[in-house]
Amino acid sequence: MNSIFITLFIGLGVVYLILGLVFSRGIKNLKDYFLAGRKLGIWGLTSTLVGTQIGGGLVLGTAAESYKYGFYGIFYSLGICLGFLLLGLGFAYKLRAFEISTVAEIFEVFYGSKFLKKLASLISAISLCGILAAQVLALKSLLFGLGITSNTVVILTWAFLVIYTMIGGLKAVVASDLFQVFIILSVITGLFFYSFSANNFSIMDLKNLFFNKELFSTQDLKFNSLFAILVVPILFSLIEQDLAQKFFAAKTKFVASISALISFVIVLLFSFIPVYFGSMAKYSGLDVASGSSPFIVFISNNFGSLVLALVACAVSAAITSTSNSLLTAISSNLSQDFDFKFFKSKLFQSKVITFLIGLLALVLGLTSKNIIDTIIISYDFMLSALFVPLFFVFFKKNFNKLSAYLSIILGALSFVVLKIYPINFPAEIITLSISLIGYVLGYLFKTKKIIN
7 MNSIFITLFI
17 GLGVVYLILG
27 LVFSRGIKNL
37 KDYFLAGRKL
47 GIWGLTSTLV
57 GTQIGGGLVL
67 GTAAESYKYG
77 FYGIFYSLGI
87 CLGFLLLGLG
97 FAYKLRAFEI
107 STVAEIFEVF
117 YGSKFLKKLA
127 SLISAISLCG
137 ILAAQVLALK
147 SLLFGLGITS
157 NTVVILTWAF
167 LVIYTMIGGL
177 KAVVASDLFQ
187 VFIILSVITG
197 LFFYSFSANN
207 FSIMDLKNLF
217 FNKELFSTQD
227 LKFNSLFAIL
237 VVPILFSLIE
247 QDLAQKFFAA
257 KTKFVASISA
267 LISFVIVLLF
277 SFIPVYFGSM
287 AKYSGLDVAS
297 GSSPFIVFIS
307 NNFGSLVLAL
317 VACAVSAAIT
327 STSNSLLTAI
337 SSNLSQDFDF
347 KFFKSKLFQS
357 KVITFLIGLL
367 ALVLGLTSKN
377 IIDTIIISYD
387 FMLSALFVPL
397 FFVFFKKNFN
407 KLSAYLSIIL
417 GALSFVVLKI
427 YPINFPAEII
437 TLSISLIGYV
447 LGYLFKTKKI
457 IN
């Protein structure tokens, strides 16, 4: 099977590289490189939004959680879906209306602070780098499930991904996402319907499978973890640079909104498929070795080598589509929000940063253990520090720097304290509440000062 997979995999890699080279020809400035000239239409934007979110976490991570907990493994996917719904109902419209290039730029435009912009950009980059590292872990899990246990293959594959993203920027990402989303949806969805009909399942049979108490133990599930896995992706979707960058690149505000709603429907329907395959792996009595994916193990035990190779390529496409979006988002933050004067060309600077971030994520990913946990921790850090001051921008008109400073400082400190001294209560509620208190205190202090 390895020879079939490797042949298909190399073929896909060549296609991605060609796309990167083709679209690099039209890149003249940072607006072209990071925002595709602000010309994304509905289907281009929808494909890159779906490709960004259907990654290693949603496919392999959800299947792994469903192998342990059945239907409850879907919580992370539902969080992503509900995030798209909120974006489609107004947040994406407002993001496009801001006419900015990075989320961190909000702190300069609305709060009047270049320092806060740089601080927010750094926090965003660190958070997204953690999520990017989770994609490396997902790639490693995929290859291990195929019997490819050499980290050398992971490194070479990742290097290829970084290079074509570095060359082509957002235009190459969008073009490859169109191709990748087609592969993901057609192969994995087609296999789901085949397996569903081959097992003569009904909707009731699915319900019985997902909630089978003899197969799945929910005793280890805690409210704290379920809350984080569901709610954190919802909130994070409103402020994360990798999604916001796509909305900034939309042709119009309407295109941004309708694309988010279409993405909501697509991802919602797709999200049940990893739950099905993870649950079926447990139902089939398959033992999944540490570091392997229940999804891939189930396919390898029930289908031929060609089908397994196709599915593996589809999953690798999912990982790739998320990874290149994250790479461009992080590079966008650091390149546009910081001024590295030792680079004569901003465009060359952006490509160097993309390469270095890819290298850092590779090192972090090879040392990580759990896909979903790595993603959620990365989400938590940015949410704790930045969510409150960014959220108010959608609804308020008057802002002050002190509110933003106190909100960020108190939110970040509470995140660190609760990681060192965890308690039996959702940490996200506490950190966001403390961050909100900081924001309100800054507002009250400023108001009192004006009155005096």
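Each position in the sequence shown, counted from 1, maps to that position plus 6 in my numbering. All residues carry an ideal CB built from backbone N, CA and C; glycine is no exception.
- Taking C-beta atoms under 8 Å as the contact rule, Phe217 and Gly76 qualify, at a distance of about 6 Å.
- Looking at the backbone, the Cα of Ala256 and that of Ile190 are separated by about 23 Å.
- Bridge pairing for Leu46: Ala256 [DSSP].
- In this structure, Met388 sits near Ser130, with a CB-CB distance shorter than 8 Å.
- Taking the Cα of Ile279 as reference, the smallest distance to any Cα among Ser298, Ile302, Leu184 is reached at Ile302.
- Only residues of its own chain outside the window of five on either side were considered, and among them Val193 have a CB closer than 6 Å to the CB of Leu316, listed in chain order.
- Here DSSP, grouped into helix, strand and coil, assigns Asp226 to coil.
- Judged by beta-carbon spacing, Leu149 lies beyond the 8 Å limit of Val142, meaning their Cβ atoms are not closer than that value.
- Annotated as distal: Ala110 and Pro300, with beta-carbon spacing of 8 Å or more.
- The alpha helix (DSSP H) runs lying completely inside the stretch 76-159 and spanning 4 residues or more are 81-92, 98-103, 112-115, 120-151, given in chain order.
- Leaving aside the five residues that flank Leu408 on each side, the residues in its chain whose CB is nearer than 7 Å to its CB run, in chain order, Gly448, Phe451, Lys452.
- If you draw a 10 Å sphere on the C-beta of Gln225, you find fewer than 16 other C-beta atoms in it, and that means exposed.
- For the set Gly153, Gly444, Leu370, Lys357, the Cα lying nearest the Cα of Leu340 is the one of Lys357.
- Apart from the 5 residues on each side of it in sequence, Val273 sits with its Cβ closer than 8 Å to the Cβ of Val56, Gln59, Ile60, Leu64, Ser83, Ile86, Cys87, Phe90 in its chain, given in chain order.
- The Cβ neighbour count for Ala295, taken over all protein chains shown within 10 Å, is under 16; the residue is labelled exposed.
- The continuous alpha helix (DSSP H) containing Phe216 extends over residues 209-216.
- Excluding the 5 residues flanking it on each side, Ile383 has same chain C-beta neighbours closer than 7 Å at Gly136, in chain order.
- The beta carbons of Gly364 and Val168 sit about 3 Å from each other, so the pair counts as a contact at 8 Å.
- DSSP, read as helix, strand or coil, puts Lys357 in helix.
- Proximity of the stretch 434-449 to the stretch 392-411 meets the contact definition, three or more beta-carbon pairs being nearer than 8 Å.
- Going by DSSP, Leu314 is part of the alpha helix (DSSP H) stretching over 311-343.
- Taking a C-beta distance under 8 Å as the contact criterion, Ile240 and Thr52 do not qualify as a contact pair.
- The distance from the Cβ of Thr68 to that of Val281 is about 6 Å, consistent with a contact at the 8 Å cut-off.
- When Leu93, Phe11, Ser329 are compared, the shortest CA-CA separation from Gly175 is found for Ser329.
- In this structure, the straight-line span from the alpha carbon of Tyr99 to that of Thr373 is close to 39 Å.
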